[in-house]
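4 protein chains.
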Amino acid sequence: MSRKLRFGILGAGRIGPVHAETLAYRAPQAECVVIADINLAAAEAVAARYSIPNVVDSATAVIDDPGIDAIVLCTPTNTHAGIIAHAAQAGKHIFCEKPVSQSLAEIDASIAAVEAAGVKMQVGFNRRFDSNFMRVRKAVESGEIGTPNLFHIVSRDPFPPPLSYLRPSGGIFLDMMIHDFDMARFLMGEVEEVFASGAVLVDPGFAAEDDFDTAIAMLKFASGAIGTIDNSRKSTFGYDQRVEILGSKGKIATENRYSNEVVVSGEKCVYTDLPHNFFMQRYPESFALELQMFVEAVLEDKPVPVTGADSRAPVVMALAARKSVDERRPVRLAEISS
Amino acid sequence: MSRKLRFGILGAGRIGPVHAETLAYRAPQAECVVIADINLAAAEAVAARYSIPNVVDSATAVIDDPGIDAIVLCTPTNTHAGIIAHAAQAGKHIFCEKPVSQSLAEIDASIAAVEAAGVKMQVGFNRRFDSNFMRVRKAVESGEIGTPNLFHIVSRDPFPPPLSYLRPSGGIFLDMMIHDFDMARFLMGEVEEVFASGAVLVDPGFAAEDDFDTAIAMLKFASGAIGTIDNSRKSTFGYDQRVEILGSKGKIATENRYSNEVVVSGEKCVYTDLPHNFFMQRYPESFALELQMFVEAVLEDKPVPVTGADSRAPVVMALAARKSVDERRPVRLAEISS
Amino acid sequence: MSRKLRFGILGAGRIGPVHAETLAYRAPQAECVVIADINLAAAEAVAARYSIPNVVDSATAVIDDPGIDAIVLCTPTNTHAGIIAHAAQAGKHIFCEKPVSQSLAEIDASIAAVEAAGVKMQVGFNRRFDSNFMRVRKAVESGEIGTPNLFHIVSRDPFPPPLSYLRPSGGIFLDMMIHDFDMARFLMGEVEEVFASGAVLVDPGFAAEDDFDTAIAMLKFASGAIGTIDNSRKSTFGYDQRVEILGSKGKIATENRYSNEVVVSGEKCVYTDLPHNFFMQRYPESFALELQMFVEAVLEDKPVPVTGADSRAPVVMALAARKSVDERRPVRLAEISS
Amino acid sequence: MSRKLRFGILGAGRIGPVHAETLAYRAPQAECVVIADINLAAAEAVAARYSIPNVVDSATAVIDDPGIDAIVLCTPTNTHAGIIAHAAQAGKHIFCEKPVSQSLAEIDASIAAVEAAGVKMQVGFNRRFDSNFMRVRKAVESGEIGTPNLFHIVSRDPFPPPLSYLRPSGGIFLDMMIHDFDMARFLMGEVEEVFASGAVLVDPGFAAEDDFDTAIAMLKFASGAIGTIDNSRKSTFGYDQRVEILGSKGKIATENRYSNEVVVSGEKCVYTDLPHNFFMQRYPESFALELQMFVEAVLEDKPVPVTGADSRAPVVMALAARKSVDERRPVRLAEISS
């Protein structure tokens, strides 16, 4: 196929420029022809940097443009469902940042709209495309560690977001642990039950927002395996993102990634520099790869690697986790219907 | 003090010889003058190896011997309480393998007997004396990682015990995770609530014994911190014993210990030999150090480093963990009274 | 400066495409407008991949094009001096792959031509731009390890080149260890004396080419420090590129770089995947950074980070190393004049 | 064999107590019945600590005692040859600290005396018994890394000895690098040629003693393999003792040993405690094992693992290294005859 896939990016905030960079430099079969943001200056800045020829201040203008094949949806979560419905109807393929919605009803409607329109939708669980986690998945699939029995994820941000970010985000389970819920499914298969616990240990302001800055969850998988996840909004030494699985034949574990492989033996200790600070430094490859695979899925009419169903399941898990905290009991995912 | 502390060892099974070796070679202020076992041949073998001059077939003979200052109690758990009562009355200091008992009533009676007699009792939570875990404790106490907020322990045996071992052992929480419950208290302080989950993933025979071969627990500490523990009865690569704490200023984590520091870069992978296989290889130093400190506590009339109360608390946690599994809910330790 | 630096690439072989990729995607202030190769098909393939608008079959056409500001010189080493003379006269800035020449006379003539023309010339010692080696340099410069006293470089290729490559390459000292000689100067300062030894241990065919597949060198630095280098044409586990410096206050050492940070504990060993296989996988960042810095040096009229003098000194060291092998004695660099 | 091997230790200085501890606690088939030192107080202190029943102030008294089977020779090097001659004549087996002598003539005489008397002599190259270096040797012997081609040893002390120690010690090659020369032979086989270089970079006082505090050597092995050694009298971070071999099928390398496996991720770096500080902390196992194997060799009339010839070869290498420095040329071992 010789024609390039023509993209419009909706949203020029934190993650929009990341996808703009991929489309500009790392996806030869794609091009970004327009970027939209109600903050026009932000959109213009991104456009200038990545040579995007058009800038608009509304999503509608992009969606209704017949010259656009696909959109990258980076607007606030509460706008996703509406835009997806509109874009699907307009025949656009959709790459949507996670989560599609905090509401299962909206997710279901979005999935239905996409299916009805016959377009493709992929969801931005980028960590699935990281070389460490892909390697773990490969080990699980190939039987390298036998049957996976025990699972542990560590996922910690270097510093907490502003308190104003918390309520719209849906809280630590929907905003942060959702990545780990996705990773749990990616590596171990479906989950049946969640028990979770939250604490406010980093900043008392989280309590006023009815949120936690520290949380742990215990999972029971359909396979019978069990496991735990821990999250913190603050790890002083940088982004801490690891997974470990114990299988019947061995263990596989990932370490953090560092900007260099230098070890200094000093007078008081043996030390290295800190690991990568946050997701922008840690996951550039995976952000590029997820979009490259979306482009390939559309152009070659193949299944997208992260589906609407994949976007729904972790939200169910997050809702179950929060319910578990509130009711102080393990919650089966089957209990969560809306 | 010039006189050596004179010991009798009760029990010549798996752990008795370990303590015999310490008394023979690594505790200059102590000597073992008698070893007792109903299996006289076993006792004689240990005596021959470590030059213990006397061998008897009953605990009573040791306890009633006025020439003995202290006993090392390595008999089956269900005999501990009776022997402790007798030995305390006879004025012997007692080093007792963990757990003192699976019954809180027996533990309480043992503690009372020891206190009434004015003798010292130390309990064999040897991992507290391991150089890795002591280093972690030091970091917590010194503030090196700030306030501890998140906690994770991995504790996995290389292979499961015989099924016949399971029922008398009290099950995975009382027999295996009890070490981790102790470590949790040692490093993080008192625990208020436990939620646990168990699975049979290694050997279906565990189910018939009403036991689990794989288990996880979630802890809430009095400090507000939270954490998780995972246990498996089978890790093919050897003994897997690690702890990780995230504090407000940093993270501290231990790795396993290896018999050498050699790395081979081969044609297919970069590899090392496996870590130490089991507790005998992994913890010889800590077994020696705990007994050395007991000797010192007795000779210098100092507090023992692991008290009767330290033996009681992890049993409460294990009982709470099992109750949590049975009732599918988090259990506060305050609920456990017997 | 708003105008982009307009490049012509000479040579579409192994390294030309690497620089083409940098100019296409990672150097916003530069563009490649033409690529030349006598193998026109090779040039066309690179042009197609990186959207280079013009393809020619001769260097002359590029050099004489007044629309070109700078050339990237990736042709065989024996053509460098002639092209540099011509290009300098034509006022082109020059990024030249290492080595500029195997002949000191030609290097001197090239340096003179560049100076006479007032153009800039940078030489492609890319490893100076690797994050590991930059970190080591920073430690040396900042005094982090005190005064550097002892030095060791390991540099090993995954597999030997074809035997036909050897004679034109100038042999292991001029072709391979030259990178390490440059690194020695980059990290430790000037060298005064070299003693070297070579062996044929990988492929007997090297002997017929009067070359070695394995070599070591001992260096005395002007600072008084001493050190060693070892090279092999074959390391089965991949590209092995490390440096270690012992200073008066500590040691700094680099490890190899891996494609993931995954550790598997299996039934027989604990292992990781192999490190990066060769320079294309290991040094993509440094190839990009060296060209970015050349672009910046030209556009902002700053000194280039790797000068003509930097290209000369390692050739002197390589000639001294070979002389040392031939005469079985240490050779002072002052002895090498042509 | 039921009788214990009865030892006399000659010399109660730095290394004597190490061997006394092995005989006391870790060699069940041996016992130390006397220790001699002209500093009687020093001998008495060691005797008290390790329950050695007799203390004398002369070697003669020990050697002439018919109740003694074997001696451990820890007196100053210049006394070794005389004592060996005497002890051999008296029929004592001899464990002699390295080096037997700095003089080849004396070594040859000692070897002849031992052979004439039909007693066993083992030399204290303890590092051969370290688990890391034994593992490397095993890899070489088993073919795990193929044919060894390249070799590098790092050997650095934490701090320099007093200047007064230097002249009697014979200098860095005879006193320090001699261990590495032995290790080179142990792992790679015989050496044919040495080129060495020395520098005074740690303490100018070394120059006044005609010695170096920093030295490197380049070795050619009889197998054709080549390699390098570097030594420094000062590594601020502790004892630095590593070896690396590149073979035709892979690489094997050792790391230093640490007192714990704890990693702290702090606010500025990720760090561990320092490696073991010096040989007493680093090599206790190997000191015990070498003497255990000597006891076994005597009792079971087996060959000793480190022979008189093994004590001679590294001295030849050290003399060649010094000659190489003095004459600024590579020196073949065949040139060294006295």
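Residue numbers (the numbering used here), protein chains in the order written: chain W, 1 to 338; chain R, 1001 to 1338; chain E, 2001 to 2338; chain Y, 3001 to 3338. Yeah, the Cβ is synthetic: ideal placement off N, Cα and C, and Gly gets one too. This one's a predicted model, so the numbers in the text were calculated from it and none came from an experiment.
For P2168 of chain E, no beta strand (DSSP E) run applies; the uninterrupted alpha helix (DSSP H) run containing it begins and ends at 2166-2169, by DSSP. For the stretch 3242-3272 of chain Y, the beta-carbon criterion of a distance under 8 Å to any beta-carbon of chain R is satisfied by K3249, G3250, K3251, I3252, A3253, T3254, E3255, N3256, R3257, S3259, N3260, E3261, V3262, V3263, V3264, S3265, G3266, E3267. Distances from the alpha-carbon of A1043 of chain R to those of R:Q1241, R:I1071, R:G1013, R:S1164 put R:G1013 closest. A3139 of chain Y reaches chain R at V1262, V1264, counting residues in chain order whose Cβ is nearer than 9 Å. Taking 8 Å as the cut-off, the Cβ atoms of C1269 of chain R and Y2050 of chain E do not count as close.
The C-alpha of R127 of chain W is placed about 58 Å away from the C-alpha of A3313 of chain Y.
Around the Cβ of D2210 of chain E, a 10 Å sphere holds fewer than 16 other Cβ atoms; the residue is exposed. Residue environment analysis places R1167 of chain R among the exposed positions, since fewer than 16 neighbouring C-beta atoms fall within 10 angstroms of its C-beta.
Residues of the stretch 1187-1206 of chain R whose Cβ lies closer than 9 Å to any Cβ of chain W, in chain order: E1193, F1195, A1196, S1197, G1198, A1199, V1200, L1201, V1202. Listed in chain order, the non-local C-beta contacts of V1136 of chain R below 7 Å within the same chain comprise L1187, V1243, I1245, I1252, T1254, local neighbours out to five positions each way being set aside. The alpha-carbon separation between G2238 of chain E and I2111 of chain E amounts to approximately 36 Å. Beta-carbon to beta-carbon, G124 of chain W and E290 of chain W are separated by about 6 Å, close enough to satisfy the 8 Å threshold. Under the 8 Å criterion on CB atoms, I1145 of chain R is classed as interfacial with respect to chain Y. Judged by beta-carbon spacing, I2083 of chain E lies within the 8 Å limit of L2073 of chain E, meaning their Cβ atoms are closer than that value.
Put simply, the CB of F2181 of chain E is far from chain Y, with every gap to its CB atoms at 8 Å or more.
Taken through DSSP and simplified to helix, strand or coil, Y50 of chain W comes out as helix. Separation of the CB atoms of V2315 of chain E and I2107 of chain E is rounded to 6 Å, and the pair is thereby assigned contact status at 8 Å. Taking a cut-off of 8 Å on C-beta distances, the stretch 3150-3162 of chain Y touches the stretch 3230-3237 of chain Y, as three or more cross pairs fall below it. At least 8 Å separates the CB of I1153 of chain R from every CB of chain W. Counting C-beta atoms within 10 angstroms of its own C-beta, I3035 of chain Y has 16 or more neighbours from the protein chains shown and is therefore classed as buried. In the displayed model, L10 of chain W falls within a strand according to three-state DSSP. A distance below 8 Å between beta-carbons, with the five flanking residues on each side excluded, links E1296 of chain R to the following residues of its chain, in chain order: Q1029, K1302.
Counting only runs of 3 or more residues that sit fully inside the stretch 1185-1243 of chain R, the beta strand (DSSP E) segments are 1191-1199, 1214-1221, 1226-1232, in chain order. In the structure shown, Q122 of chain W adopts extended strand secondary structure according to DSSP, grouped into three states. According to the DSSP assignment, P148 of chain W belongs to the beta strand (DSSP E) that extends over 148-156.
At a cut-off of 8 Å between beta-carbon atoms, F237 of chain W makes contact with chain Y. G2067 of chain E and P2099 of chain E have their C-alpha atoms some 27 Å from each other. Here A2208 of chain E is exposed. Its C-beta has fewer than 16 other C-beta atoms within 10 Å. Annotation: L1174 of chain R has no Cβ neighbours in chain E at a cutoff of 9 Å; minimum Cβ distance is about 28 Å.
A distance below 8 Å separates the beta carbons of R322 of chain W and F173 of chain W.
Exclusion of the five residues before and after V2056 of chain E leaves V2034, A2036, V2062 as the residues of its chain whose Cβ lies within less than 7 Å of its Cβ. In the structure shown, F2173 of chain E adopts helical secondary structure according to DSSP, grouped into three states.
Residues of the stretch 3107-3129 of chain Y with a C-beta less than 9 Å from any C-beta of chain R: none at all. Spatial neighbours of A1288 of chain R in its own chain (CB-CB distance under 7 Å, excluding positions within 5 residues in sequence) are listed in chain order as T1022, R1026. Residues of chain Y with a Cβ closer than 9 Å to the Cβ of Y1025 of chain R are, in chain order, A3024, Y3025, R3026.
The contact set of L1274 of chain R on chain E, defined by CB atoms closer than 8 Å, consists of S2265, K2268, C2269, V2270 in chain order.
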